[in-house]
Amino acid sequence: MTPQLSSSGKKKDLILRILAYFKSGKKQELIDFPDSSRARKGEKYPLQPKTKILIGAYKNDLVTRMFFKELIGDHFHFTAFGIDWINERWAKGDPPTYQEFASFWKKEYESRKTQKATPKKEWAYLNFIATSSASAL
């Protein structure tokens, strides 16, 4: 009987679990975020620069985007690099504030004007299709 791998979690984590299983034959457990990165039930977390971005309170929605536009500028948009950074901070048990995220986002945005970002590994197939299609023309 084949062991069942959990399909829960983020795509990146699922890919890493599959690769680990192929290499070792062992299942990896899901990474669980520490309580310090989670919102407490019943507590309010207003959109303010000093408020921590917490799992269960943070939303990737229009209201949040408009708030980030106030902190960063009209050029703000949700990005994979931004979400990855927040997830990394959550995993460490050190959730950022909205202002810390805004500062990170601005710095990263400016650096990408001169340095091209490394494509994410989980986008390999899409990148392959895009380059294959372009070279076929």
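Counting from -4, one number per residue, gives the positions in the sequence shown under the numbering used here.
Virtual Cβ for every residue (Gly too), placed ideally from N, Cα, C.
Since this is a predicted model, take the numbers as computed values, not measurements.
| Check | Outcome |
| --- | --- |
| Buried/exposed call for P41, threshold 16 Cβ in 10 Å | exposed |
| Residues that DSSP places opposite K47 in a beta bridge | T92 |
| Cβ-based neighbour list, F63, same chain, cut-off 6 Å, excluding 5 preceding and 5 following | F71 |
| Cβ pair count under 8 Å reaching 3, the stretch 29 to 43 against the stretch 84 to 96 | yes |
| Delimiting residues of the alpha helix (DSSP H) encompassing L66 | L57 to I67 |
| Residue of S106, I78 and Q110 minimising C-alpha distance to F96 | I78 |
| DSSP-derived helix/strand/coil call for R33 | strand |
| For K47, the nearest candidate out of K101, P90 and N55 (CA to CA) | P90 |
| Pairwise C-alpha distance: A15 and S1 | 13 Å |
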